[in-house]
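Each remark here refers to the structure printed beneath this line.
There are 2 protein chains.
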Amino acid sequence: MTQQTTPPAWIAVDWGTSNLRVSLMYADGTSHCLTSDQGMSSLNPDGFEPALLALIDDHLGTGVTPVVICGMAGSRQGWAEAPYIATPCNPPSLAEAVSVRANDPRIAVSILPGVKQEKPADVMRGEETQIAGYLTQNPDFDGVLCLPGTHSKWVHISAKEIVSFRTFMTGEMFALLTKQSVLRFSVQDEIDLDAFDIAVGDALSRPETVGADLFALRAGTLLGSLSEGAARGRLSGLLIGTELAGARPYWLGRDIALIGAGSLTTLYQRALALQGITAPTVSGEDMVISGLTAAHTQTKV
Amino acid sequence: MTQQTTPPAWIAVDWGTSNLRVSLMYADGTSHCLTSDQGMSSLNPDGFEPALLALIDDHLGTGVTPVVICGMAGSRQGWAEAPYIATPCNPPSLAEAVSVRANDPRIAVSILPGVKQEKPADVMRGEETQIAGYLTQNPDFDGVLCLPGTHSKWVHISAKEIVSFRTFMTGEMFALLTKQSVLRFSVQDEIDLDAFDIAVGDALSRPETVGADLFALRAGTLLGSLSEGAARGRLSGLLIGTELAGARPYWLGRDIALIGAGSLTTLYQRALALQGITAPTVSGEDMVISGLTAAHTQTKV
């Protein structure tokens, strides 16, 4: 992953709401990764090209370099809208991408579309490319992919198609509750995993009382019967447990894999293990690169 | 409610997290209401007396005026801590209040305690005084009081006692989701009550999928299949419906009354009516005054 003097053969871009991740892809199979905080939410439509060039300008050659983008840059508020394709569908390929006319003649920009589902209404942008990457590496996979995150996704895959999916606001809810709500005074300590485990079970058996169980975290720490670490563990366990209760039709009796990295995915893996489900994990960043590469090389997954 | 030239006989104070509400109580039975935004969250412990005096200074006589306070002024971060009394209990009276030594000799300040429950852990500060007010006016009430709000309470009352209660974070969740979450782009219109009604039923029958039903509001408005008014109605209905599902052991088969005013209480009344429950409403502000008056006059409720 050392920087090269020859220009990249093409450029892979994962453009999220909060971050921009660029991978310079070299002909010899190496790559070089660059990131910035110039996510979709901080940019106007005419700010995308300058934000991208700020990262890649020094690396471009004299010819035209293909740039393949997935994520929120293709939303209505993004660089250019790449309209959703509808389930059931294969993950989008370059054939369905939108070509963007850049001002700089050295780049040829394509933005991959997201995927929509009419009923229940649902959308994804970016995850479909991680899914494409996973299916490139596991072409015979039949089961469910879970992508934990701000808006976690449960995706039913069969015959290389995205059959259906559902999005849960679990991650955003956790962030709001720990940073903005009255619970922020009660959960500022390292997570207690025993408390997490119990709370997952509580939420799975009684998801309807989670609204009251949440306030009990504040009350318990106020009354001295609950530590902040246990409160944080219970908060995380209640939210992930409620999600598992709602996603049960997805994970029950099916093969499942988790796409993601770090502590959040580990918590999902742990919660599923408590239900007797073994779910392997793969890196989300690796899957994005794999998916963008599949699109760039027109590999049909 | 015209302002008087004689000083008030005593002063009733409802000191919440965000607001301070003072009622000057005159010997002839009239009262005069004053409010400010100097709630507990904006004050240090030594800021309470000046904030109170800023409202009442001009109205005080030369003698000592009793001031009876309920709410967050009695919390650990308040003016002076008034330790919780434990359920089961009568609503607190002046005998359990904390006397505060004020710097100004013209006021004699008492702060009423809140109520705590050990298991499930729960607390209230202020609502116990509304409950005292309700029981003063309805001494034979046996059933459940529901107090909608930021942290809504369901309180089981029997033989004039607070037997048990549970707090739901529904109001705070609604505020966070409509103002801070991705849903803020999808719910900025007048509430559609038909959508509210359907969502209450959806949440009551499947509370575990609410996390996904919430994201579907964003997806539905993005895809054009849901109006913002319907999304707001569904958001409110999903949250209140989930609360009703969790509070079912409280409201099922018991007499129920709602303490509160305005549109939120009306929505709870409507959601309960959909379950065949008739719940009368009374004003929360009236109940606070009634409860503080009961404490001041040492009326045993």
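Protein chains in written order, with the working numbering: chain A, 1 to 301; chain B, 1001 to 1301.
Where is the CB? At the ideal position from N, CA and C, for every residue including glycine.
Since we're looking at a predicted model, the values are computed, not measured.
In this structure, the alpha-carbon of SER18 of chain A lies about 10 Å from that of LEU43 of chain A. Within the region 38-50 of chain A, contact with chain B at the beta-carbon level (separation under 8 Å) is assigned to no residue. For LEU1024 of chain B, the enclosing beta strand (DSSP E) has its first and last residue at 1020-1025.
According to the DSSP secondary-structure assignment, ASP1014 of chain B is paired through a beta bridge with B:ARG1021, B:CYS1070. Excluding residues up to 5 positions away in sequence, GLY229, ARG232 lie with their Cβ nearer than 8 Å to the Cβ of GLU190 of chain A in the same chain.
Within chain A, VAL182, PHE215, ARG218 have C-beta atoms less than 9 Å from the C-beta of HIS1151 of chain B, given in sequence order. The C-alpha of GLY171 of chain A is placed about 45 Å away from the C-alpha of THR1136 of chain B. Fully enclosed beta strand (DSSP E) runs of no fewer than 3 residues occupy 1161-1168 of the region 1158-1244 of chain B, in order along the chain. Among the residues of chain B, those whose CB is under 7 Å from the CB of GLY246 of chain A are GLU1208, THR1209, GLY1211, ALA1212, following chain order. With fewer than three CB-CB distances shorter than 8 Å, the region 1142-1157 of chain B does not count as touching the region 1095-1103 of chain B. DSSP, read as helix, strand or coil, puts GLY39 of chain A in coil. Nearest neighbour of THR178 of chain A by Cα position, chosen from A:TRP154, A:LEU214, A:SER158, A:HIS151, turns out to be A:LEU214.
For SER1263 of chain B, the enclosing alpha helix (DSSP H) covers residues 1262-1274. One Cα belongs to GLY1241 of chain B, the other to ASP46 of chain A, and the distance between them is close to 43 Å. Rounded to whole angstroms, the gap between the alpha carbons of LEU1252 of chain B and THR1087 of chain B is 21 Å. Under the 8 Å criterion on CB atoms, ASP57 of chain A is classed as non-interfacial with respect to chain B. Residue A:ARG270 holds the alpha-carbon nearest to the alpha-carbon of LEU244 of chain A among A:ALA294, A:ARG270, A:TYR134, A:LEU112. Residue contact check for VAL1288 of chain B against chain A: no CB pair falls below 8 Å.
When only Cα atoms are considered, ASP37 of chain A and ASN138 of chain A end up about 32 Å apart.
As the crow flies, the alpha-carbon of ALA9 of chain A is around 12 Å from that of VAL68 of chain A.
Counting only runs of 3+ residues, the beta strand (DSSP E) found wholly inside the region 1088-1160 of chain B occupies 1098-1100, 1107-1111, 1115-1117, 1122-1124, 1143-1147, 1152-1158, in chain order.
Here PRO1092 of chain B is buried: its Cβ has 16 or more other Cβ atoms, across all protein chains shown, within 10 Å. Here VAL1282 of chain B is not near TYR1084 of chain B, since their CB atoms are 8 Å or more apart.
By the rule that beta-carbons nearer than 8 Å mark a contact, PHE1168 of chain B touches chain A.
Collapsing the DSSP output to three states places ILE277 of chain A in coil.
Nearest C-alpha to SER1152 of chain B among B:GLN1275, B:ALA1261, B:ILE1277, B:PRO1007: B:ALA1261. The beta carbon of LEU1226 of chain B is closer than 7 Å to those of LEU1217, GLY1220 in its chain, skipping five residues each way along the sequence. What ALA195 of chain A touches in chain B, judged by beta-carbon distance under 7 Å, is nothing: the nearest beta carbon there is about 13 Å away. Taking a beta-carbon distance threshold of 8 Å, ALA1097 of chain B does not count as an interface residue toward chain A. In the DSSP assignment, LEU60 of chain A falls outside any alpha helix (DSSP H), carrying neither H nor E. The C-beta distance from LEU1176 of chain B to LEU176 of chain A rounds to 5 Å, short enough to fall under 8 Å.
Against THR1035 of chain B, chain A offers no close residue; the least beta-carbon distance is about 22 Å (beta-carbon pairs closer than 7 Å). Around ALA271 of chain A, no beta-carbon contact reaches into chain B at under 9 Å, the shortest distance being about 14 Å.
At least one CB of chain B lies nearer than 8 Å to the CB of ASP122 of chain A. Taking all protein chains in view, the Cβ of VAL155 of chain A is crowded by 16 or more other Cβ atoms within 10 Å, so the residue is classified as buried. In the DSSP annotation of this structure, ALA1257 of chain B is not part of any alpha helix (DSSP H); the continuous beta strand (DSSP E) holding it starts and ends at 1256-1259.
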